[in-house]
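Everything below concerns the one structure shown next.
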Amino acid sequence: MQTSRRSFVLSAAGLAGAAALGVQKRALAAPKFTYKYANNLQPTHPMNKRAQAAAKAIFEETHGEFKLNIFPNSQLGSDTETLNQLRSGAVQFFTLSGLILQTYVPAAGISGIGFAFPNYPAVWKALDGTLGAYIRSEIEAKDLVVMDKIWDNGFREVTTSTHPIVHPDDFHDLKIRVPVSPLWTSMFKDLGSAPTSINFNEVYSALQTKIVDAQENPLAIIETAKLYEVQKYCSMTNHMWDGFWFLGNKKAWDALPKDIQTVVTKHINEAGVLERKDTEALNSELQQKLTSQHMVFNNTEPGPIRDALRKAGFYAEWKEKFGEKGWSVLESNVGQLT
Ligand code: X2X
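Using our numbering, read the sequence shown as starting at 135 and increasing by one per residue.
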């Protein structure tokens, strides 16, 4: 019986058997495609664990023809720099918050509107439904490739080194770091804070050296990036949900044969769905661990903060900026916001 190279290299048992029989092992040919995937999170975050597993599955299913090399922790540069590298093709894949992507694709920020989603089911219904489809079409119109399934970052909580956030007034004059995104800056200005745009790879040191006193992120990041070492209070504001679009460079994508594209798409989307489960679980269970790491937690009523945003004109302003089309897709998913 003839054994094709493919089934030969794939079967571990076959390899062992062949070695035992003294059959010469043939090395896998070098991959035809070696692509870079960059992200801003620690290797311990579910995003990187699931991406690692996907990369392995893709390598195996393409019989070694496609290799995805992962560069976590902003190794290739800040988010702003990596977005440029993705656009130029120096990096082929990148996961980026829709709100930071907003600097290039304005509509992509719309999922980050404050208090738009009450819970995770509402998030996935919208992002796997009409809202996600709308945002992806806007991303594709800018000549980027985007996978169907957005990956979870989570509901964001505010940490500070100074005081807990209980009432909207506690935001006043707060020196808070926000990601590089017009929507984020606008939201915290409207709450009366003094936001500074800083890429994630500089957040730990910005907090440590007191350039800022506060930041906001989901618990999975506060834990994996060890922000608890440089922050004291964690207020459970859940003020917005955030997710990562899995983006690709179009030219690099179009260079892949269809069958490889299919394998990559399948495993990345499957990994994204698993990453959602892991991250949601972590975000809901980490409070205890972070407490043992000396963070002081409090719950924050969302209503008054949302009212403060409304009064400051936040929703009206962004309704106009995102435009009738985007806003109506958002509201058809989550109800009236203004
Ligand atoms: O920069 C952040 O705070 C992070 C890691 O949550 C994002 O990528 C938006």
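Positions of the beta carbon are idealized from the N, C-alpha and C atoms, including for glycine.
All values derive from a computational prediction rather than experimental measurement.
For residue i, does the count of other Cβ atoms within 10 angstroms reach 16, so buried, or fall short, so exposed?
{"i": "N203", "result": "exposed"}
{"i": "A164", "result": "exposed"}
{"i": "A275", "result": "exposed"}
{"i": "N253", "result": "exposed"}
{"i": "N432", "result": "exposed"}
{"i": "S271", "result": "exposed"}
{"i": "K190", "result": "exposed"}
{"i": "S426", "result": "exposed"}
{"i": "S327", "result": "buried"}
{"i": "K453", "result": "buried"}
{"i": "G457", "result": "exposed"}
Give me the Cβ distance between residue i and residue j, rounded to the nearest whole Å; I'm assuming they're in contact under 8 Å.
{"i": "Y169", "j": "F205", "result": "Incorrect: roughly 11 Å between the Cβ atoms, too far for contact."}
{"i": "A415", "j": "R184", "result": "Wrong, their Cβ atoms sit about 13 Å apart, outside the cutoff."}
{"i": "V312", "j": "S339", "result": "16 Å between Cβ atoms; not a contact."}
{"i": "K384", "j": "L278", "result": "6 Å"}
{"i": "T214", "j": "N333", "result": "6 Å"}
Compute the distance between the beta-carbons of residue i and residue j, then report whether it is under 8 Å.
{"i": "D393", "j": "R290", "result": "no"}
{"i": "A348", "j": "I310", "result": "yes"}
{"i": "S297", "j": "D304", "result": "The amino acid at residue 297 is misidentified as Ser; the sequence shows His. Yes, these two residues count as a Cβ contact at 8 Å."}
{"i": "G460", "j": "A241", "result": "yes"}
{"i": "I299", "j": "T371", "result": "yes"}
{"i": "W285", "j": "F380", "result": "yes"}
{"i": "N207", "j": "L175", "result": "yes"}
{"i": "E350", "j": "V292", "result": "yes"}
{"i": "S315", "j": "Q236", "result": "yes"}
{"i": "H301", "j": "P438", "result": "yes"}
{"i": "S369", "j": "T413", "result": "no"}
{"i": "V397", "j": "I192", "result": "yes"}
By Cβ distance, which residues of its chain are closer than 6 Å to residue i, with the 5 residues on each side in sequence left out?
{"i": "G248", "result": "M321, H373, M374 and L443"}
{"i": "L144", "result": "With a pLDDT of only 41 at L144, under the threshold of 50, the placement of this residue in the model should not be trusted; the figure read from the coordinates follows. Correct list: empty, nothing qualifies."}
{"i": "A250", "result": "V468"}
{"i": "I355", "result": "none"}
{"i": "T294", "result": "D347, A348 and Y367"}
{"i": "A188", "result": "H401, I402 and A405"}
{"i": "S212", "result": "N333 and N335"}
Sort the options by Cα distance to residue i and report the nearest one.
{"i": "H428", "options": "K323, E357, D307 and K283", "result": "E357"}
{"i": "R440", "options": "I273, E215, G198 and L325", "result": "L325"}
{"i": "R410", "options": "D262, V364 and Y449", "result": "D262"}
{"i": "K487", "options": "F378, T229 and Q342", "result": "Not covered by the structure: residue 487. The range shown for the chain is 135 to 472."}
{"i": "R221", "options": "Y238, I234 and S212", "result": "Y238"}
{"i": "A260", "options": "S466, T472 and L471", "result": "S466"}
{"i": "K445", "options": "K323, V398 and T216", "result": "K323"}
{"i": "T229", "options": "W452, E451, P436 and G382", "result": "G382"}
{"i": "M281", "options": "T178, W387 and T413", "result": "W387"}
{"i": "P177", "options": "G457, A359, W452 and V397", "result": "A359"}
{"i": "Q421", "options": "L353, G223, Q186 and K453", "result": "L353"}
{"i": "F317", "options": "I345, I234, G211 and L361", "result": "For clarity, residue 317 is Leu in the given sequence; the question names Phe instead. Ranking I345, I234, G211 and L361 by Cα distance to L317 puts I234 first."}
{"i": "V364", "options": "K455, L424, E419 and E458", "result": "L424"}
So, for residue i: in the same chain, excluding its five sequence neighbours on each side, which residues have a beta-carbon less than 7 Å away from its beta-carbon?
{"i": "V463", "result": "T264, L265 and Y268"}
{"i": "Q136", "result": "Low confidence applies here, because Q136 scores a pLDDT of 44, under 50, leaving its location unreliable and the question unanswered by this model."}
{"i": "G232", "result": "A242, G243, S245, G246, I269, G377 and W379"}
{"i": "A256", "result": "V468"}
{"i": "A450", "result": "T472"}
Below 8 Å CB to CB, which residues in the same chain sit around residue i once its five sequence neighbours on both sides are set aside?
{"i": "V407", "result": "K283"}
{"i": "F167", "result": "E199, F200, K201, A389, L390 and I394"}
{"i": "P436", "result": "F249, T371, N372 and H373"}
{"i": "K344", "result": "S295"}
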